[in-house]
Amino acid sequence: MPRRYKNLEEKLVFSAFNGVRDSLLAAKNGEEVEDIIKSILTLDERIKIGRRVEVAWCLQHNFSYEEIQKTLHVGKGTISRIEKIFAENKNGFELIFERRKKVESEFNSRAYKKIGPWGVYNRRTEYTGFKRKDVKR
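889 is the number of the first residue of the sequence shown in my numbering; add one for each residue after it.
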């Protein structure tokens, strides 16, 4: 644990985080999850977490440090730090990637539908109003 948290009781720190975890697990839908996340994390914190996941995804797919730097505008130190975290916690990141893939797949299959006669080559695509938040948990 970092030095600035040494004076805190471990039980207190983990019980607080367990409350957050329990609230996320008990959320009925994506909107509730988003409300919880927005209430406890600042925009900056959400961006940092998102970038961490993106860097880990790039590392998993064998992107070079230079490619990651250009694409995500992060430094080599950040990439190196995330690579270490990724190596130590591969299972957690794998869960994120698998669930993300599942959500994207369901979203892509339900968010748009083709409108028009079946035989027509250029059928119009229309948004159904389905959001990523609507994917069943």
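Glycine included, every Cβ here is placed at the ideal spot set by N, Cα and C. All figures in this text were calculated on a predicted structure; none of them were measured in a lab.
Should residue i go down as buried or exposed, given a rule of 16 or more other Cβ atoms within 10 Å for buried?
| i | result |
| --- | --- |
| I956 | buried |
| V943 | buried |
| V901 | exposed |
| I928 | exposed |
| V962 | buried |
| I967 | buried |
| F905 | exposed |
For residue i, I'd like the list of residues in its chain whose CB is within less than 8 Å of its CB, leaving aside the five on either flank, ordered along the chain.
| i | result |
| --- | --- |
| T959 | C946, F951 |
| I1003 | R1011, R1012, T1013, E1014 |
| K1001 | T1013, E1014, T1016 |
Grouping DSSP H, G and I as helix and E and B as strand, with all else coil, what is residue i?
| i | result |
| --- | --- |
| K989 | helix |
| K1001 | strand |
| E982 | helix |
| T930 | coil |
| R939 | helix |
| R969 | helix |
| R1012 | strand |
| E897 | coil |
Please list, in chain order, all residues of the same chain as residue i whose beta carbon is under 6 Å from its beta carbon, the five residues on each side excluded.
| i | result |
| --- | --- |
| E971 | L947 |
| F1018 | R998, A999 |
| R995 | Looking at the sequence shown, residue 995 is not Arg but Phe. Only R1020 meet the Cβ criterion. |
Residue i: beta carbon under 7 Å from a heavy atom of the ligand ATP?
| i | result |
| --- | --- |
| V1008 | Absence of the ligand ATP is noted for the structure shown, with no ligands found whatsoever. |
Please list, in chain order, all residues of the same chain as residue i whose beta carbon is under 7 Å from its beta carbon, the five residues on each side excluded.
| i | result |
| --- | --- |
| R939 | L960, V962 |
Below 8 Å on the Cβ atoms is my contact criterion, and I expect residue i with residue j to pass it. Report the Cβ-Cβ distance as a whole number of Å.
| i | j | result |
| --- | --- | --- |
| V921 | L931 | Not a contact, Cβ separation roughly 16 Å. |
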